[in-house]
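Heads up: the protein sequence lines correspond to chains R, X, W and S, in order. Taking my numbering, the leading residue of the first sequence gets 1, the next gets one more, and so forth. Taking my numbering, the leading residue of the second sequence gets 1001, the next gets one more, and so forth. Taking my numbering, the leading residue of the third sequence gets 2001, the next gets one more, and so forth. Taking my numbering, the leading residue of the fourth sequence gets 3001, the next gets one more, and so forth. Think of the CB as a built atom: it goes at the ideal place given N, C-alpha and C, for glycine as much as any other residue. Inspection log for the structure reproduced underneath, given as structure tokens.
Number of protein chains: 4
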Amino acid sequence: MPSTVSAMTDWIGLAEEVAAQLKADAAERDRANRPPAAEVELLRSSGLLAADEDAADAVTRIISAADASIGHLIGYHYLHLWRAQLFDNPSVATRMRADRNWFWSGVSNPLDAALELTPTSDGFIVNGRKTFATGASVADRLVVSATRVDTEEKLTFTVDAKAPGISYPSDWDNTGQRLTASGGIVFENVAVDGADVLGAQPADSIRLSLAALGFQLALTQIYVGIAAGALAEAAAYTRGQARPWILSGVESASADPYIVAGYGELVASLEAAGTLADRASESLRQSVAAGSDLTAEQRASTAVTISSAKVFSTRVVNETTSKVFEFMGARATATKFGYDRFWRNARTLTLHDPVVYKAREVGQYFLTGEHPPFTGYS
Amino acid sequence: MPSTVSAMTDWIGLAEEVAAQLKADAAERDRANRPPAAEVELLRSSGLLAADEDAADAVTRIISAADASIGHLIGYHYLHLWRAQLFDNPSVATRMRADRNWFWSGVSNPLDAALELTPTSDGFIVNGRKTFATGASVADRLVVSATRVDTEEKLTFTVDAKAPGISYPSDWDNTGQRLTASGGIVFENVAVDGADVLGAQPADSIRLSLAALGFQLALTQIYVGIAAGALAEAAAYTRGQARPWILSGVESASADPYIVAGYGELVASLEAAGTLADRASESLRQSVAAGSDLTAEQRASTAVTISSAKVFSTRVVNETTSKVFEFMGARATATKFGYDRFWRNARTLTLHDPVVYKAREVGQYFLTGEHPPFTGYS
Amino acid sequence: MPSTVSAMTDWIGLAEEVAAQLKADAAERDRANRPPAAEVELLRSSGLLAADEDAADAVTRIISAADASIGHLIGYHYLHLWRAQLFDNPSVATRMRADRNWFWSGVSNPLDAALELTPTSDGFIVNGRKTFATGASVADRLVVSATRVDTEEKLTFTVDAKAPGISYPSDWDNTGQRLTASGGIVFENVAVDGADVLGAQPADSIRLSLAALGFQLALTQIYVGIAAGALAEAAAYTRGQARPWILSGVESASADPYIVAGYGELVASLEAAGTLADRASESLRQSVAAGSDLTAEQRASTAVTISSAKVFSTRVVNETTSKVFEFMGARATATKFGYDRFWRNARTLTLHDPVVYKAREVGQYFLTGEHPPFTGYS
Amino acid sequence: MPSTVSAMTDWIGLAEEVAAQLKADAAERDRANRPPAAEVELLRSSGLLAADEDAADAVTRIISAADASIGHLIGYHYLHLWRAQLFDNPSVATRMRADRNWFWSGVSNPLDAALELTPTSDGFIVNGRKTFATGASVADRLVVSATRVDTEEKLTFTVDAKAPGISYPSDWDNTGQRLTASGGIVFENVAVDGADVLGAQPADSIRLSLAALGFQLALTQIYVGIAAGALAEAAAYTRGQARPWILSGVESASADPYIVAGYGELVASLEAAGTLADRASESLRQSVAAGSDLTAEQRASTAVTISSAKVFSTRVVNETTSKVFEFMGARATATKFGYDRFWRNARTLTLHDPVVYKAREVGQYFLTGEHPPFTGYS
């Protein structure tokens, strides 16, 4: 941790500083489409990787507003550190925070075949490949889930992202979230130290099932951040560069009645989305805090609150990032501004898993009290 | 206050009991369209009129879900007691709570000409007429605003709702909020005791300007309650009476994929609306608590947060109360169910003042930092 | 047919005259909620029951805009005459038009158990009961479908609506389409002349399957009419009675930028709905004209075009009838205006069968080419 | 005109062939972002530049569905040929069609300062610069408007796009409609033959005012085409590559109830948009056909019908091009597919002029009968 960062750190202020730097060339970096090595280095050197757990949501939103890819990376980084506490082995979770300069990523796409773990004298070797390992190729350390070939037990462990046998096919080239390094990862006889095993991940563990909710919530926070970023940049353009329409009868775009009320509509919805995301976060915090007292009902309530927040913020971010162009006008579509990246990022990330099935979850719980199943997405 | 109601009262539980009673014959009473005398008596005898200030929002929502008219009455009742503290004369505010059985209403439609106050030896006489005096004709006591004919000062005072010279034209016959007794009121030489004057209401008083925000917030809470009520009644019908569609391939309406996800979409939006209304309420509480330190900026921030909540909940309640019919089916439109009252109540009450001007307020503040003006509606 | 009505009749002009009469007291008649005997007599005496087939859509829309219940009655009247041509027995179809003063209704709710036909020496007797027989209790003649108890063949025939053994339980009391007399009907040993049988209705007859499409299209035309009526009445109110908002800075509600653009949005959508309904009508006309050359593909294309029109106009009419209140203001919710009837009528009638299953039909055809099944609704 | 193209040409079939070629590498060409020289050559060599006037709308839509930039180019090409007939000098209009291989573009951005025309012995020289001259840099011939420095008369004339003194700054680099070559144009002492002057363009000419409506309609047709293209490509992906969601319980994405009904909703709206655009086109045709009998009322009615179509199709195309991703899933956001180009094209082109002012036009005409003013956009 840089010496300037202490327990008294104003994480919000620091995040805003980093965000300002990221925002300055976000459009240019989006076009260049290079792996986000420098961006991760900026997160590291700023000290932001070490932010307190209770600042994580706010930091994630602030960075996402400036650069949704980097917001995604830091949001997941915090998530991996957070979810470590859900496992049985507290010492690993503690060691994960030993070097607060490490940038963490994870490997766990539930839709792929599982990685395979073969026991060795002092641990395991892991083999297999996964798609969509966000941030892994630019990470220091990874949290990985894999299945023992002998017992079929699913284990989660940490490993050096540059360990021998790990390779990254560089197959991420996407219309949105371009700088998230979300390509695949290949494990060929990669050694895992038994001491780095966070624990087993039985499918029916209510406590471990909270991890999937953490991912859903992190996505939601990024959506809220993207919408806020789109509104902020659009407003700056409306104030500074937009022209009033020839038939509007007003002197400036900022005085156009439709533009002003149009912003108001979107801002009101975003306020609602952000506030609900806050509430979902608090609900998850309480479910974690419940420890072994966590009931199926409390878990379901948290899951559904997070799903509500995700359903609603999905609608908000897709609508907002498209609509703001109407408050800027045709000239704002020049490539140099890159304002379309907000929509591209939103549209891409909101497809992570189909939102209508989140709406179905919410509806089932409301209508019949049915709990969401434990899956990698719920 | 009934002896069963004490400082330890579970106001939420009590509100739910009263709501259950109101809900049982809400459709029937809506059709009968009689002044809500029995309903006010129910509020009184239950002890709910004496609820703590910090339970007011929750109680208002719960009652509004069962019967939006009565929710409107009790919400405004709490509001009149709350806003009394904003004036200079604390003794009147204290005396207003002396008899917690009193049901309070107000007379202050900003769009009408002002009532006229003529000074007398020991107070004033008041003359004039006002429209839309919600609840006044069934109230015990009124909070009234009027203008001195000599100084043009605007004063606010309390008066017995049955005082000599006050009459109620019974001109309220509306498609929604039918049981709110929102007809006109006529004052003919009504005596006002000088000791009952809460204080002057100068148009530029930042503290008194919070009263208008309180009204806007109360409306918002009622909208949230109406949407919740529509969803709850619709869900009960879907579960118990709706038939699965012949082409759906499912055994019950509750298993229809479109119905389930449809509820989920509405519930997610309502969660967002309710949470934002809570946040707006907290913001208003803080602005009141700031006392003489209240700045124009803090007031503006509170005003805009309330406007955001109102803009958003307006959309939610109008959409929800109409959409839920699609989850019940054609037979749910029989008059005996009276489910259309949710939409009629929502549609009527959301016209209180035009919502697009609230969106304009939010947009102006976001785009240029402009503060909402002090008016009877902002 | 009145002597004033001839082959040269301007049906549109005549419909507008009748509509003007219906509109004058539509709100009052909606509240009175009496069986529409006088209204049917007005349709009859005007000569409008005899309108040319190619004027039917336009007349239905015009009457629906003024009074959606009566528009429903006349739309179904034209439909019963039209669908008679689809059956095998042209002489009955011809005789149905013998007295152009007759008002026709039908009995065919596909969701009820079938009526039972028992053969007699010269025809049948019919027994059973049906719900939702729109207009039957105020009709002169009925088109009825029932199933032979011996052969299980489904037959369609005409019968005098006042024939011995027919009774009407008067069980229609609804929040919308109140004046459609859509209550039940009971047949007790009602004699049917064999000469009045239009023909058999085998479930797999492609030609007879067009009848269901005719009903779907008639509903669509009524939706378009209701939306047009709501906009017309709202505009009259905005022009003549609405007040400009105090913060709008304009002199009249008609100059308010939000109101003007708001109308524009709704009008544009309604134009789209109306135009698509016209196209759907033309598609159905062509399918009928194809006669025995009608292919499954052409039938599917017509069905899907009608479903598209219904899906889209459903959204338009529900949105329009609710939104227009924002262009009128709170005072427009007084019961005396009865403007909520547009929404009540729209909301009720658009539940005829669930619209999302129509969207599913359209999507299936677009995505995979799958044809809608032959049902009472598709 | 290639010998294979004759008066009997099936323009629709030909357009579909060309569209198939364009579609094959549309994503790749969009990324390459080169001036559309080869694309214009394809249009020319196919013979499509010579399509009959009454096939222009259909061809524009078909090409726009495959490649919205090229649809824009050919739509404007037809437009320039069409609007030539509105001027006084029929011989120029005739000569414009002399070589049907010429690709026409125009120079007339109403928001820029006018080009300057200085009279010479046999014509004029023109000077000045214009922005957003769609297609000009790849055109054969241009239709240009400029203002005489002596008389201030506005004249419209044709000129060789490669004439000495004309240069193209190559300043078009945009997030959407990338291949439209919509950069600026500079005229330095460019000679204009007096015989190439189409005529004067007085601001109050009702007949010439139809040209602006033609542009608005062409944009509308392109919007309809883009939406159709997005749906067609998405459907192909859903059928061939999308995976059913793990919780869906269905075997294929094409059987997912939400995906199927989701397509249905969008298809229904697009049908409505396309049908209304057809009607708007017919209205414009009638206004042109009216010749000198064209009244202000007929012109207004045509203008408003076109505005309705534009308002509605703007909403449809922006919604459709974003929503379809939900029917394909996350993997469809890979850059190689380039499906985001539909949204980028739609979002860019629908900002041509602010759509809310078109809604205002429609609302004004509906509410008060006010005619749209004659401007470059109405």
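In the structure shown, valine 126(R) adopts extended strand secondary structure according to DSSP, grouped into three states. Alanine 1181(X) sits close to alanine 1136(X), with the two beta carbons spaced by under 8 Å. From the beta-carbon of serine 3269(S), the residues of chain W found nearer than 7 Å are Phe2312. If you ignore the 5 residues before and after alanine 3296(S), its C-beta comes within less than 7 Å of the C-beta of Ile3206 and His3371, all in its own chain and listed in chain order.
At least one CB atom of chain R sits nearer than 8 Å to the CB of aspartate 3340(S). Per the DSSP secondary-structure output, tryptophan 3104(S) pairs in a beta bridge with Arg3141(S). Scanning Leu49(R), Asn127(R), Pro90(R) and Ser307(R) for the CA closest to the CA of aspartate 99(R) turns up Leu49(R). Taken through DSSP and simplified to helix, strand or coil, aspartate 112(R) comes out as coil. Within the model, the alpha-carbon separation for asparagine 1089(X) versus arginine 1097(X) is close to 14 Å. Closer than 9 Å at the C-beta level to chain X, one finds no residue of the segment 2082 to 2100 of chain W.
Among the bridge pairs identified by DSSP, isoleucine 63(R) is matched with none. Annotation for tyrosine 2237(W): Met2328 and Ala2332 place their beta carbon closer than 7 Å to its own, counting only its chain and skipping 5 residues before and after.
Counting along the chain, the unbroken alpha helix (DSSP H) around threonine 1305(X) starts and ends at 1296 to 1323. The DSSP-derived three-state label of arginine 148(R) is strand.
Chain order gives no chain X residues near tyrosine 3357(S), where near means a beta carbon separation below 7 Å; the closest approach is about 17 Å.
The Cβ atoms of leucine 1208(X) and glutamine 1201(X) sit closer than 8 Å to each other. The DSSP-derived three-state label of aspartate 3088(S) is coil. Here the alpha carbons of serine 2167(W) and threonine 2118(W) stand approximately 19 Å from one another. At a cut-off of 8 Å between beta-carbon atoms, phenylalanine 3325(S) makes contact with chain R. Think of a sphere of 7 Å around the beta carbon of serine 308(R): the chain X residues whose beta carbon falls inside it are Val1267, Ala1268 and Glu1271, in chain order.
The continuous beta strand (DSSP E) containing glutamate 1188(X) extends over residues 1185 to 1193. Note: leucine 2117(W) is bridge-paired with Val2126(W) and Arg2148(W) in the DSSP secondary-structure output. Our two residues, arginine 1148(X) and aspartate 1353(X), have alpha carbons roughly 27 Å apart in a direct line.
Looking at the backbone, the Cα of phenylalanine 1366(X) and that of tyrosine 263(R) are separated by about 8 Å. Remark: C-beta atoms of alanine 3066(S) and alanine 3019(S) approach each other more closely than 8 Å.
CA-CA distance, valine 311(R) to valine 224(R), rounds to 12 Å.
From the listed residues Gly2128(W), Val2138(W) and Arg2129(W), the smallest Cα separation to tryptophan 2104(W) is found for Val2138(W). Contact check for threonine 220(R) against serine 313(R) passes: the beta carbons are separated by less than 8 Å. Tryptophan 1082(X) is a Cβ neighbour of glycine 1214(X), given a cutoff of 8 Å. The beta carbon of aspartate 3150(S) is closer than 7 Å to those of Pro3119 in its chain, skipping five residues each way along the sequence.
Taking all protein chains shown into account, isoleucine 2012(W) has fewer than 16 neighbouring C-beta atoms within 10 Å of its C-beta and is therefore exposed.
Contact annotation, phenylalanine 3157(S) with valine 3197(S): C-beta distance approximately 4 Å; criterion of less than 8 Å satisfied. In the same chain as serine 3064(S), and ignoring 5 residues on each side of it, the C-beta atoms closer than 6 Å to its own belong to Gly3071, Ile3222, Gly3225 and Ile3226, in chain order. Boundaries for aspartate 3340(S): no beta strand (DSSP E) harbours it, while the alpha helix (DSSP H) harbouring it runs 3340 to 3349, taken from the DSSP string.
Contact residues of the segment 3014 to 3037 of chain S toward chain X are absent (C-beta to C-beta distance below 7 Å).
Beta bridge pairing from DSSP links threonine 156(R) with Ser145(R) and Gly199(R).
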